[in-house]
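Engineer: Each residue of the sequence shown is one higher than the last, beginning at 410 in the numbering used here. Following this message is one structure expressed as structure tokens.
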Amino acid sequence: MATPEKLSAEAIDAMGKKELLEALHAIAPLAFLQDKKLAGNVANVAKKAKKEDVQKAYEDLFQAGTFASKDQIEAEALADSMKKAAIADEKKAAAEAAAAAAAAASGPVDDGPKRFTKIVNKNGNKLNFPMKGDRVKVFYTGKLEDDTIFDSNCDVEWCKTNKRKPQPLVFKVGSGQVIRGWDEAILEMSVGEHATINIESEWAYGKKGQPAAGIPKDANLIFEVELSAILN
């Protein structure tokens with residue numbers, strides 16, 4: 410991206426710490442902010458950071474010249490929030506596994522009903538189903554219940570509008586790298602299958618939602634999914 414206009418020393422001196430931090434967040438890539446320990450919610454970071462540290466980071470950014478565009482910043486924020494959600498899901502799964510092990514002596518644990526439904530739109534080969542830990546290749550479009558698309562790697566118009574390159578998502582299924590509804594539903598699909606997966610919020614993003622992606626709290630999600638391939 411083009412080099413942004415740099416604030417003058419006088420302007421920086423006149424700015425509050427939070428205001429300067431906001432200016433830094435508007436042009437800095439996530440990796441730079443993480444390296445300077447200035448990533449995260451601006452209000453929370455401002456409570457701990459010193460203004461001289463924020464000012465030095467601002468100067469270092471212009472010296473390095475590694476600026477980020479608005480689209481890059483938004484994409485990085487979404488990727489980071491999804492990573493955190495996956496980590497939270499992994500921790501939750503580990504806690505559930507520990508609870509199940511502790512309760513094993515008293516008999517099997519009922520995990521309750523599935524929190525998703527799957528409607529098959531096109532049958533797969535009904536031979537090749539992924540196992541937990543398999544790397545899979547998936548095309549998808551995610552929607553809210555009002556049919557608003559919030560993410561896709563195959564919808565041509567959405568990808569064009571959001572400057573995304575249509576390409577398959579590759580991940581290890583059943584390992585907590587995606588939301589639980591995906592992990593569970595894709596294990597029931599065979600290669601080539603197209604399905605509509607309706608996921609209740611508990612197995613999606615729950616009470617926190619994903620505001621950066623336009624997903625409100627307690628939102629039920631709808632995914633149009635194609636299991637393109639199992640890679641191992």
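The beta carbon of each residue, even a glycine, is placed where N, CA and C say it ideally should be.
Over what stretch of residues does the beta strand (DSSP E) that includes Arg544 continue unbroken?
Structural biologist: Counting along the chain, the beta strand (DSSP E) containing Arg544 begins and ends at 544–552.
Engineer: How would you call Met540, buried or exposed, if buried means at least 16 neighbouring beta carbons within 10 angstroms?
Structural biologist: Met540 should be labelled exposed.
Engineer: Just verifying my parser: in three-state terms, what is the DSSP assignment at Gln619?
Structural biologist: Strand at Gln619.
Engineer: Would you call Ala506 buried or exposed, if buried means 16 or more other Cβ atoms sit within 10 Å of its Cβ?
Structural biologist: Exposed, since its Cβ has fewer than 16 Cβ neighbours within 10 Å.
Engineer: Identify whether Lys531 lies in helix, strand or coil by the three-state DSSP scheme.
Structural biologist: Correct three-state label for Lys531: strand.
Engineer: Can you tell which of Val582, Leu439, Gly542, Ile606 has the C-alpha that lies nearest to the C-alpha of Asp480?
Structural biologist: Ranking the options by Cα distance to Asp480, first place goes to Leu439.
Engineer: Around the Cβ of Glu602, are there at least 16 other Cβ atoms within 10 angstroms (buried) or fewer (exposed)?
Structural biologist: Buried, since its Cβ has 16 or more Cβ neighbours within 10 Å.
Engineer: Quick one: what does DSSP say Ser610 is sitting in, helix, strand or coil?
Structural biologist: Reduced to three states, the DSSP call for Ser610 is helix.
Engineer: Grab the span of the alpha helix (DSSP H) containing Phe580 for me, first residue to last.
Structural biologist: Run containing Phe580: none in the alpha helix (DSSP H); it sits in the beta strand (DSSP E), 578–581.
Engineer: From the DSSP secondary-structure annotation, give me the bridge partner or partners of His693.
Structural biologist: Summary: the structure shown does not reach residue 693, with the chain confined to residues 410 through 641, and so no result is reported for it.
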